[in-house]
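Number of protein chains: 2
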Amino acid sequence: MRLKGLGEFGVIEMIRRMLDSAGTGLDIGDDCAVLPFNRRNLLLFTCDMLIENEDFTPQDRLYLVGRKSLGCCLSDIAACGGVPCYAQVCLGLPSDMPVSKMRSLYRGIVSQAKEFKVKIVGGDISKSDRVVIDVSLIGMVEKGKLVLRGGAREGDIIFVSNKLGGSIYGRHLRFKPRIKESRYLVNNYKVNSMIDISDGLIQDLGHILHRSNKGAVLFKELIPVCAQADSLQDALYMGEDFELLFTLSGPEAKRLVRSSYADIFAPIGEIVAHTHGLVLLDEHARRLRLKRSGFRHF
Amino acid sequence: MRLKGLGEFGVIEMIRRMLDSAGTGLDIGDDCAVLPFNRRNLLLFTCDMLIENEDFTPQDRLYLVGRKSLGCCLSDIAACGGVPCYAQVCLGLPSDMPVSKMRSLYRGIVSQAKEFKVKIVGGDISKSDRVVIDVSLIGMVEKGKLVLRGGAREGDIIFVSNKLGGSIYGRHLRFKPRIKESRYLVNNYKVNSMIDISDGLIQDLGHILHRSNKGAVLFKELIPVCAQADSLQDALYMGEDFELLFTLSGPEAKRLVRSSYADIFAPIGEIVAHTHGLVLLDEHARRLRLKRSGFRHF
């Protein structure tokens, strides 16, 4: 069998089993690895790889590709409620690449690092036919503020941090990692579960539900669809929005929608018992069919 | 200008300047980034990227390639005197890759992780024409035991941890990361400077000399040439030996060569004043010409 036959999640499941049986893996299912640091703080550790022709095209501005490469990792740290600190940048570059293009790429990385006060502390350069960028990032989060995927509870209200869809028309290169929004949330609310939307709303909500062993009801009318999106389908299934998807208890949700930050966060549904599965209702409370899909590499 | 015109070290220098002027870089010249952890320990952070056709061939056994990918990072941790802890593994894989091959690759990574008690805590999978493996690794070192490139002193004796050369005939896939040897050294000696030989003895010694602002005299007869090496030139210039290259003061060096571990470590020369440059002497104390070269990606 080939990888495309097994599928991305099949490959990940295979890796998980290999790590388990060797006793050398730690829980690998969240946005960041969570490691011990000191009495007050935990270390967050994440990485993301971008490959030319897969995650960006040769026509994309390399400055924006550079921003995206660090941005994906920043989004992972945001999903855990943390603050980013130190990055390593590994580059695979064609030897006939113009120096000016490589400068643009790195300027993008540096500009993103500066915006979020990330220190670039090292890296590696290799020759490669295609441009490959791998960023790994260390962050920090206070023990009481860590948020994982597995904490959603029945009755929780589900929120997203901004409008969804249309990422393929350029937003996937120009998104804003939601560090500030995430820190506002964990500093002021008890956030029960959180993830960043990289594979599409439905698929990433599926990750929260799976890890929390819960179901969810979404309301079609509440889903904030971006002006650039082709349709609701886009907002449901297209990956790389890099918005936060999170759940708060009823009372906490009320506080949030009454706060001055209410317009940044849209409530879109509710967590229910596992047995209900994932349901999308239209304005007449009719159940709409959901595809169990989203972005997959294989 | 193209990257190959600028050269690998030119590209690195350009990156260093960009980071400096943005104020967002930390000292990026050592084997690992050294970050604050707690009162006793420092955090080490490193990454390495392997790309098919550059760092290994399609004919190489993927199990060994997997071992190498983590092994390179382990070697960086060893060069700083540390203990490895947590790894992230990013993979770029062709979608028509047989699952069995991917399993071999990952089994290699897992076997290396197990040998050195490294926990694999996450990663990322992307589609890619060529196999790309990027490992990032967090380690730990006690403050008093950290060794960097820049600490060599005049009169220090220069050692290597084992025989050099011949890596291209397979040793670059089968090297043993020198964690145990490094820990023996930092636990029992005051090691003034250390690096792992990834670009070739002369080039990596050059890094120690540059950072320490020193010169060195090497004795040709003392350089331990591996049986697989074609010649002394191999041992001097071929990369990916992944042996430790380090310096000890005269008294510490004496203790080491009299210890029961003496046969693992070979003294090959001495650190001298910067003005002498890097000199290789033959058995008649005649100066041999050195090429200022070693492995470069561009």
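So the sequences go chain by chain: A and B.
Residue numbers for the first sequence follow my numbering, so the first one is 453 and each next one is one higher.
Residue numbers for the second sequence follow my numbering, so the first one is 453 and each next one is one higher.
The beta-carbon is built from N, C-alpha and C at its ideal position, and this holds for glycine as well.
Give a yes or no on whether the minimum CB-CB distance between asparagine 493(A) and chain B is below 8 angstroms.
-> no
CB contact check: phenylalanine 497(B) to chain A, cutoff 8 angstroms = yes
The alpha helix (DSSP H) with glutamate 567(B) in it runs from where to where?
-> 551 to 567
Counting only beta-carbon atoms, is serine 588(A) nearer than 8 angstroms to chain B?
-> yes
Would aspartate 581(A) count as contacting chain B if we go by Cβ distances under 8 angstroms?
-> yes
Listing by chain order, which chain A residues have their CB less than 7 angstroms from the CB of aspartate 548(B)?
-> Arg454, Lys456
Sequence-distant residues of the same chain with beta carbon closer than 8 angstroms to aspartate 656(B), five excluded per side = Ile647, Asp648, Ile649, Ser650, Leu697, Gly746
Please classify lysine 456(B): does DSSP put it in a helix, a strand, or coil?
-> helix
What do you reckon, are the CB atoms on arginine 630(A) and glutamate 695(A) nearer than 8 angstroms?
-> yes
Ordered along the chain, which non-local residues of its own chain (more than five positions away) have a Cβ less than 7 angstroms from that of proline 510(A)?
-> Glu504
Ignoring anything shorter than 3 residues or poking outside the segment 476 to 550 of chain A, list the beta strand (DSSP E) runs there in chain order.
-> 485 to 488, 493 to 503, 535 to 545
Take isoleucine 716(B) and list the residues in its own chain whose beta-carbon comes closer than 8 angstroms to its own, dropping the five residues that flank it on each side.
-> Ser613, Asn614, Glu633
Taking C-beta to C-beta, are leucine 661(A) and lysine 672(A) nearer than 8 angstroms?
-> no
Coarse secondary structure for methionine 470(B), derived from DSSP in three states | helix
Does the beta carbon of cysteine 542(A) sit closer than 8 angstroms to a beta carbon anywhere in chain B?
-> yes
Is there a Cβ from chain B that is less than 8 angstroms from the Cβ of alanine 530(A)?
-> no
Interface partners of tyrosine 515(A) on chain B, CB under 7 angstroms = Simply none; closest approach about 12 angstroms.
Find out if the Cβ-Cβ distance for the pair glycine 667(A), histidine 624(A) is shorter than 8 angstroms.
-> no
If we call anything under 8 angstroms between Cβ atoms a contact, is glycine 575(B) one with glutamine 540(B)?
-> yes
Option nearest isoleucine 720(B) by Cα separation, candidates Leu730(B), Leu543(B), Leu487(B), Ala565(B) | Leu730(B)
Backbone CA spacing between glycine 518(B) and glutamine 564(B) [nearest angstrom] = 8 angstroms
Which residues in chain B sit within 7 angstroms of aspartate 576(A), going by Cβ to Cβ distance?
-> Cys499, Asp500, Met501
List in chain order: all unbroken beta strand (DSSP E) runs of 3+ residues lying wholly within the segment 573 to 600 of chain A.
-> 584 to 594
Whole-number beta carbon distance between leucine 688(A) and isoleucine 654(A), since they are thought to touch under 8 angstroms = 5 angstroms
Assumed close pair arginine 582(A), serine 547(B) - CB separation to whole angstroms, cut-off 8 angstroms = Actually they are not in contact, since the Cβ atoms of arginine 582(A) and serine 547(B) sit about 15 angstroms apart, beyond 8 angstroms.
With 8 angstroms set as the bound, which would you pick, yes or no: does the beta-carbon of threonine 476(B) sit closer than that to a beta-carbon of chain A?
-> yes
Is the Cβ-Cβ distance between isoleucine 529(B) and cysteine 499(B) less than 8 angstroms?
-> no
Chain-ordered neighbours of alanine 687(B) on chain A, where CB pairs are closer than 8 angstroms = Correct list: empty, because the minimum Cβ distance to chain A is about 24 angstroms.
Can you check whether the CB of serine 645(B) is closer than 8 angstroms to the CB of alanine 705(B)?
-> no
Residues from the segment 563 to 574 of chain B in contact with chain A, defined by Cβ distance under 9 angstroms = Ser563, Ala565, Lys566, Lys569, Val570, Lys571, Ile572, Val573, Gly574
Distance between glycine 591(A) and phenylalanine 736(B) (C-alpha atoms, nearest Å) | It is histidine, not phenylalanine, that sits at residue 736(B) in the sequence shown. Going from the Cα of histidine 736(B) to the Cα of glycine 591(A) covers about 56 angstroms.
Contact check, aspartate 586(A) vs cysteine 537(B) under 8 angstroms by CB: the rounded distance?
-> At roughly 20 angstroms, the Cβ-Cβ gap does not stay under 8 angstroms, so aspartate 586(A) and cysteine 537(B) are not in contact.
DSSP beta-bridge partners of isoleucine 660(A) | Isoleucine 660(A) pairs with nothing; no bridge assigned.
Give me whichever residues DSSP pairs with alanine 718(B) in a beta bridge.
-> Val612(B)
Classify glycine 702(B) as helix, strand or coil using the three-state DSSP reduction.
-> helix
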